[in-house]
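Q: There's a structure below that I have some questions on.
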Amino acid sequence: MAAASSNPGFWAGGWVQGQRASRRTLVVAPCVIFSREQRHIGLIRDISTTGLFAYSDFTPGLGETLRIVLTECTETGTKTVTCHGVVVRVESKGAGAATGIALRVAGYEVV
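Going by my numbering, the first residue of the sequence shown is number 12, and it counts up by one from there.
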């Protein structure tokens, strides 16, 4: 997934190192998550070429396929990234907290 952007409000900037297949970029990016054709609002925390981690108000099942759409507005126009992938981890921190969703990205499209 193309993760380069000059807009600091969209891509918040640092690389996260750890036990990952590829480097992740820390982000603060609102998104729309589609699960079984239902629309949910989310917030992407980090993203890489192979996956992403987002918070949302619903709890998907492990192995569930999700579609995530994020839009960036720049000086030259609007760029929309739509990706789809499989849920590989779900983190629930308790009542009232957003659910963390780790997604292995299977494909994406930039428009």
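From the three backbone atoms N, C-alpha and C, an ideal C-beta is built for every residue, glycine too. Bear in mind the structure is a predicted one, so any value in this text is a computation, not a measurement.
#1: Using three-state DSSP, classify Asp57 as helix, strand or coil.
#2: On the DSSP bridge list, what partners appear for Gly72?
#3: Is it the case that the segment 47-56 contacts the segment 87-96, given that we only count it when at least three CB pairs across the two stretches are under 8 Å?
#4: Quick one, which of Gly105, Ala109, Arg78 and Thr110 has its alpha-carbon nearest Val97's?
#5: In this structure, how does DSSP classify Thr93 when only helix, strand and coil are distinguished?
#6: To the nearest angstrom, how far is it from the Cα of Asn18 to the Cα of Val38?
#7: Should Gly62 and Val116 be called a contact, given that it needs their Cβ atoms to be closer than 8 Å?
#8: For Ala109, which residues from the same chain have a beta carbon less than 7 Å from its beta carbon, with the 5 sequence-adjacent residues on both sides left out?
#9: Please state if the CB of Val101 and the CB of Ile112 are separated by a distance shorter than 8 Å.
A: Taking the structure as given:
#1: strand
#2: DSSP, once it has assigned bridges, lists no residue as partnering Gly72.
#3: no
#4: Arg78
#5: strand
#6: Per-residue confidence for Asn18 stands at a pLDDT of 38, beneath the threshold of 50, marking its modelled position as unreliable; the derived number appears in the next sentence. One C-alpha to the other measures close to 11 Å.
#7: Yes, the Cβ-Cβ distance between Gly62 and Val116 is below 8 Å.
#8: Tyr66, Ser67 and Asp68
#9: Against a cut-off of 8 Å, the Cβ pair of Val101 and Ile112 comes out as a contact.
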